[in-house]
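Let me begin by presenting the structure, written as structure tokens, before commenting on it.
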Amino acid sequence: MPKSQLKRTMEGAFILTIASFIAKILSAVYRVPFQNLVGDEGFYVYQQVYPIYGLAMTLALSGLPQFISRIVAEEPDPLKSKERLQALTPFVLWSAIGLWAVTFLFAGPIAQVMGDHQLAGLIRVVSFTFLFVPPLTFYRGMFQGNLQMVPTAVSQVVEQLLRVGVILGAAAAFQQLGWTIYQTGTVAMMGALVGGLAAWWILSYYSRQINGKRLSLWHKPVTSTGENPAGLSASLKKRFFLEGGLLTIYSGYLILFQLADSFLLTNALEAGGMTAQAARISKGIYDRGQPLVQLGLVVAMALSSTFLPTLTKYLTVKNQQLFEKSAKMYLRLTIGIASASAVGLAILLPYINFALFKDGSGNAALVLFVFSIALMATIQAYQSIQQSRNTYTFGLLAAGIGLLIKCLSMWPLTASYGTAGASISTLLGLGATLCCFVVSEQRRAKSSINHFWHEGNYGKKLFICLGIMASVLFLYYSFVAILLNGPLTHRLQALLFCLGGVGLGGAAFIGAAIKIKLLTIREWLLVPFGKKLLRRGEKHEIR
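Read in order, the letters of the sequence shown are residues 1173 to 1715 in the numbering used here.
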């Protein structure tokens, strides 16, 4: 890869990472005021249907555009590139129409299976998001394949801003106009349609500005290249299922777990003896964990955008040694950051829950649930390593095994242990997927990537750092309890103690990591503000 192209690729990855960071922050943060306004039952209504929207947007935002961008980038001849996309267009279009039709026409039965027939209206509204998949996919894929990342970034952020605005407007109407929770949820879901239309318009605008016209792939391809259109189409369809499917699944893997929760959780709680209303409120409380996990994953997931081009580059030039060195570095950074986030959140969760969501309901389930941050981030890292090798089939199998274990274990665990059982089933499913990747890597000939855990005593040092951080936070808890001489009674008070705990826990982990050399100097330089942290740590060491 020429240096200029590599530089553009890295710059593009940085732009998309920033946009994704902003969009994920927006997507996580709005849930707090929304829950505060509509309550746990209103939050349940929204979160029951959210995974359907999440799947549509994963297809249109990350999974399929990444696949299309590869198709574009692989073919330097614009005419051949367009022919390949035209061969895919009817397939993507009819797939999207099929998903919309199934979701729209069977909204009633889907709602019944979820255990709440009143969700049918929300499901019908959200079904229309599937119709945005073809245009958003091809526009974003074309731009990204040509290393033009700004249109995707702008459309992503504007889409989220408008969606969040409509959602919070619906929550305000619930308070001021006396809407029911189902009316509120229906209007909130319309935010997805407003955001999708805006994103389509923005991408169309950029296409006219850059290319002088809108993207047009809807007419029958005229193959002037001598390739067999039918054979080309069959080949692309296979790649669409394998590559596009894998990219989509792992971009929205937790959304699939949320979808399983939507179908199984309230039904299992009722089977365990709860009333329908109590089960729905419990599901709403359980869903408080979603924004916390999303925020915890933001930094860890951003590393994927940084390392994937580098890993692919080393494979392209057949430098196995540098590839494995970068892969180990990626795993060490990801596991370190994600583990610290998960442990810190778990310890501070009672304060966080009270500060953000008004009470301490569901603490046990939420403490367990936030450990999915560490598992999901590590899965994403291993999957990115496999993806850079162009290995897809095993990733699909691993995802299927994890999801199957989640679904099979969820009913008995939830019926016995309530929402804590649902959290355990999520951890079991993610753990199974991670085990598949670790075992696969272990069996790969001449691969030493799994050795990162033992090299430089990384695993031992990580546990020491986490232990020090946990000890500091538990001492902080004791200090707060003595200071207050009783439990927390004000949300603002809890929020201030949360922020203090985050700062103290983060400082303890970073200080310990620098002191015992958890990461190499090169790895520290890849961490945001790593250079400053390293300098500050070295100054304290000299003193």
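From the three backbone atoms N, C-alpha and C, an ideal C-beta is built for every residue, glycine too.
Check, Outcome
"DSSP state of Pro1351 mapped onto helix, strand, coil", "According to the sequence as given, residue 1351 is Trp; it is not Pro. In this structure, Trp1351 counts as coil in the three-state DSSP scheme."
"Meets three-Cβ-pair contact criterion under 8 Å: the region 1316-1333 and the region 1274-1288", "no"
"Distance, Trp1272 Cα to Pro1393 Cα", "Legend: pLDDT at Pro1393 = 48, less than 50; position of this residue unreliable, no value from coordinates given."
"CB contact flag (Gly1214, Ile1353, <8 Å)", "yes"
"Inter-residue CB distance, Gly1567 and Val1674 (contact presumed, cutoff 8 Å)", "Their Cβ separation, rounded to whole angstroms, is 34 Å, which puts Gly1567 and Val1674 out of contact at 8 Å."
"Residues of its chain near Ile1557, where Cβ-Cβ distance is below 6 Å and the 5 sequence neighbours each way are ignored", "Ala1499"
"Nearest-angstrom Cα separation, counted from Leu1436 out to Asp1212", "18 Å"
"C-alpha distance - Val1542 paired with Ala1200, whole-angstrom precision", "14 Å"
"Chain-order list of residues whose beta-carbon lies under 6 Å from that of Thr1275 (same chain, five-residue window excluded)", "Ser1299"
"Integer-rounded CB distance, given that Leu1602 should sit under 8 Å from Gly1631", "19 Å between Cβ atoms; not a contact."
"Sequence-distant residues of its chain with Cβ nearer than 6 Å to Ile1524 (five each side left out)", "Cys1670"
"As assigned by DSSP and simplified to three states, the class of Pro1248", "coil"
"DSSP state of Pro1463 mapped onto helix, strand, coil", "helix"
"Cβ-Cβ separation, Ser1544 to Thr1123 (assumed contact under 8 Å), whole Å", "This structure does not reach residue 1123, given that the chain is present from 1173 up to 1715, and the question cannot be answered."
"Extent of the continuous alpha helix (DSSP H) to which Gln1559 belongs", "1544-1560"
"Selected residue, minimal CA-CA separation from Ile1269, among Gly1293, Phe1302, Leu1277, Ala1259", "Phe1302"
"Residue closest to Glu1433, alpha-carbon to alpha-carbon, out of Ile1224, Ile1187, Leu1656", "Looking at the sequence provided, one finds Asp at residue 1433 rather than Glu. Nearest option by C-alpha distance: Ile1224."
"Neighbourhood of Lys1455 by C-beta distance below 6 Å, restricted to the same chain and skipping five residues each side", "Tyr1216, Leu1437, Thr1438"
"Residue from Leu1294, Gly1424, Asp1531, Ala1512 whose Cα sits closest to the Cα of Gly1235", "Gly1424"
"Selection from Ser1511, Thr1563, His1626, Thr1692 that minimises the alpha carbon distance to Gly1639", "Ser1511"
"Contained alpha helix (DSSP H) runs [length at least 4] in the region 1416-1470, N- to C-terminal order", "1417-1423, 1425-1443, 1448-1458"
"Buried versus exposed, by CB contacts within 10 Å (16 or more), Cys1608", "buried"
"Three-state secondary structure assigned by DSSP to Ile1573", "helix"
"Cα-Cα separation, Gln1238 to Val1244", "10 Å"
"Neighbourhood of Pro1463 by C-beta distance below 6 Å, restricted to the same chain and skipping five residues each side", "Ala1200, Arg1203"
"Simplified DSSP assignment, three categories, for Gln1207", "helix"
"Reference Leu1227; option with closest CA among Ile1427, Leu1660, Leu1188", "Ile1427"
"Collapsed DSSP secondary structure at Ile1688 in the structure displayed", "coil"
"Nearest residue (CA-CA) to Ala1360, options Gly1293, Pro1306, Thr1586", "Gly1293"
"Outcome for Leu1520 when other beta-carbon atoms lying within 10 angstroms are tallied against a minimum of 16", "buried"
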